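Read through the structure below, which is laid out as structure tokens, and then see the notes.
Chains as they are written, first to last, in the working numbering: chain A, 4 to 26; chain B, 1249 to 1598.
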């Protein structure tokens, strides 16, 4: 698969999602 | 392995089967156990020495075997269960001297930690969890993930085990509102946990906070997928799934394992490799295990098949031995060994 199939990628996805998700 | 279409593997890979190098190095059979349900290989301290031991489970006993010279095994301890039968062994990846087991009839009713005797005391069984348990997985750092209940009344928890085998700390994870089928750890990310759900999603938790970070729908092509392992790489999650309900009549052959890439930020996913059976080889996934880039499965035909996930190609086939089908297969946690078991209690080490 190419990266274009999966949209923009973030190396810090875990930290970013953790800061957005409800506790 | 680049592919033309998401979800499809290189078709020729399924046709060109080259037998791999699986060499039988040892066998063990407990004469007192008429059957076997599971096996595991893990490190255990025996008389002050760290030994690569084998744990076997039959319906009402779990046994610990230490290695002798010339690939022989000696049973050094057994834990007996009188009321509820053993369903599976639940190893904790980096723990020595302790193993967990799931007990129940069809579904898991109890999870217990088992410890060997010390200082003249008897061996211990510590009850860690009970109820209608749907899924369980041993994690690094002495942790055990489990889920009970379904849909809205589902409870997902992670307990940290004390040296005594009891629960030292318990954290509830936010339930995904879809029934959890299987858990998978993310290699290289100790604070992340994945699960597959009955609604064909992969959910991602933060184990430190209990937050549900993402729910990624992976399509309806395959129902009730089992997630085995995940690897975090360059902002993507690569997830290894197996498909017990896949049809045997797919054009590329019977799909057993699938490697998908998932972008947790966008919840988009795509197939990377499809591991299917060589043409003419019947069967569906019955049960299996993944370690590194190798996946092994017992098929409904009674054969064990091994794939290299990076190539999406069968690496070896192990037909039923001594006229008996294989029942379960596990990768060793101590060496590069494959442990294959039969219902009569025979364990073969390759």
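Cβ atoms here follow ideal geometry from the backbone N, Cα and C, with glycine treated the same way. The model shown is predicted, which means the values in this text are computed figures rather than measured ones.
CB-CB length for residue i against residue j, believed under 8 Å
i	j	result
residue 1432 of chain B	residue 1475 of chain B	4 Å
residue 1392 of chain B	residue 1384 of chain B	7 Å
residue 1446 of chain B	residue 1430 of chain B	Rounded, the Cβ-Cβ distance is 10 Å, inconsistent with contact.
residue 1531 of chain B	residue 1515 of chain B	Actually they are not in contact, since the Cβ atoms of residue 1531 of chain B and residue 1515 of chain B sit about 33 Å apart, beyond 8 Å.
residue 1484 of chain B	residue 1557 of chain B	Not confirmed; about 15 Å, so no contact.
residue 1413 of chain B	residue 1372 of chain B	6 Å
residue 1281 of chain B	residue 1571 of chain B	Actually they are not in contact, since the Cβ atoms of residue 1281 of chain B and residue 1571 of chain B sit about 20 Å apart, beyond 8 Å.
residue 1525 of chain B	residue 1553 of chain B	7 Å
residue 1402 of chain B	residue 1427 of chain B	7 Å
residue 1349 of chain B	residue 1305 of chain B	7 Å
residue 1596 of chain B	residue 1569 of chain B	6 Å
residue 24 of chain A	residue 1316 of chain B	Rounded, the Cβ-Cβ distance is 52 Å, inconsistent with contact.
residue 1389 of chain B	residue 1407 of chain B	Their Cβ separation, rounded to whole angstroms, is 12 Å, which puts residue 1389 of chain B and residue 1407 of chain B out of contact at 8 Å.
residue 1453 of chain B	residue 1505 of chain B	Incorrect: roughly 23 Å between the Cβ atoms, too far for contact.
DSSP three-state assignment for residue i, whether helix, strand or coil
i	result
residue 1429 of chain B	strand
residue 1574 of chain B	coil
residue 1304 of chain B	strand
residue 1412 of chain B	coil
residue 1469 of chain B	coil
residue 1601 of chain B	The structure shown does not extend to residue 1601 of chain B, since chain B spans only 1249 to 1598, so no value can be given for it.
residue 1269 of chain B	coil
residue 1290 of chain B	strand
residue 20 of chain A	helix
residue 1559 of chain B	coil
residue 1439 of chain B	strand
residue 1656 of chain B	Nothing about residue 1656 of chain B can be read from this structure; chain B reaches only from 1249 to 1598.
residue 9 of chain A	helix
residue 1317 of chain B	helix
residue 1460 of chain B	strand
residue 1454 of chain B	strand
residue 1424 of chain B	coil
residue 1537 of chain B	strand
residue 1485 of chain B	strand
residue 1328 of chain B	strand
residue 1353 of chain B	strand
residue 1514 of chain B	coil
residue 1405 of chain B	strand
residue 1379 of chain B	strand
residue 25 of chain A	coil
is_contact[residue i, chain A] using C-beta, thresh 8 Å
i	result
residue 1440 of chain B	yes
residue 1388 of chain B	no
residue 1518 of chain B	yes
residue 1462 of chain B	yes
residue 1436 of chain B	no
residue 1459 of chain B	yes
residue 1467 of chain B	no
residue 1560 of chain B	no
residue 1492 of chain B	no
residue 1513 of chain B	yes
residue 1454 of chain B	yes
residue 1484 of chain B	yes
residue 1509 of chain B	yes
Among the options, the one whose alpha carbon lies nearest that of residue i
i	options	result
residue 1275 of chain B	B:1293, B:1302, B:1296	B:1302
residue 1334 of chain B	B:1459, B:1343, B:1341, B:1309	B:1309
residue 1208 of chain B	B:1520, B:1399, B:1295	A question about residue 1208 of chain B goes unanswered here, because the residues of chain B that appear run from 1249 up to 1598.
residue 1328 of chain B	B:1364, B:1453, B:1472	B:1364
residue 1479 of chain B	B:1560, B:1540, B:1374, B:1594	B:1540
residue 1518 of chain B	B:1554, B:1469, B:1562	B:1469
residue 1377 of chain B	B:1330, B:1456, B:1351, B:1563	B:1351
residue 22 of chain A	B:1372, B:1457, B:1300	B:1457
residue 1574 of chain B	B:1533, B:1562, B:1441, B:1581	B:1533
residue 1295 of chain B	B:1366, B:1416, B:1524	B:1366
residue 1313 of chain B	B:1496, B:1336, B:1287, B:1330	B:1287
residue 1387 of chain B	B:1439, B:1503, B:1591	B:1439
residue 1538 of chain B	B:1580, B:1511, B:1561	B:1580
residue 1409 of chain B	B:1491, B:1434, B:1362, B:1369	B:1362
residue 1551 of chain B	B:1561, B:1542, B:1559, B:1536	B:1536
residue 9 of chain A	B:1322, B:1566, B:1359, B:1520	B:1520
residue 1511 of chain B	B:1486, B:1421, B:1454, B:1380	B:1486
residue 14 of chain A	B:1588, B:1481, B:1505	B:1481
residue 1298 of chain B	B:1589, B:1332, B:1588, B:1582	B:1582
residue 1277 of chain B	B:1495, B:1437, B:1320	B:1320
residue 1435 of chain B	B:1407, B:1418, B:1488	B:1488
residue 1472 of chain B	B:1463, B:1490, B:1464	B:1490
Any non-hydrogen atom of the ligand MG within 7 Å of residue i CB
i	result
residue 1407 of chain B	The ligand MG is not among the ligands present in this structure, which contains no ligands whatsoever.
Next item on the list: Count the C-beta pairs between the stretch 1280 to 1295 of chain B and the stretch 1343 to 1357 of chain B that are closer than 8 Å, then say yes if the count reaches three, no if not.
Entry: Touching, per the Cβ criterion.
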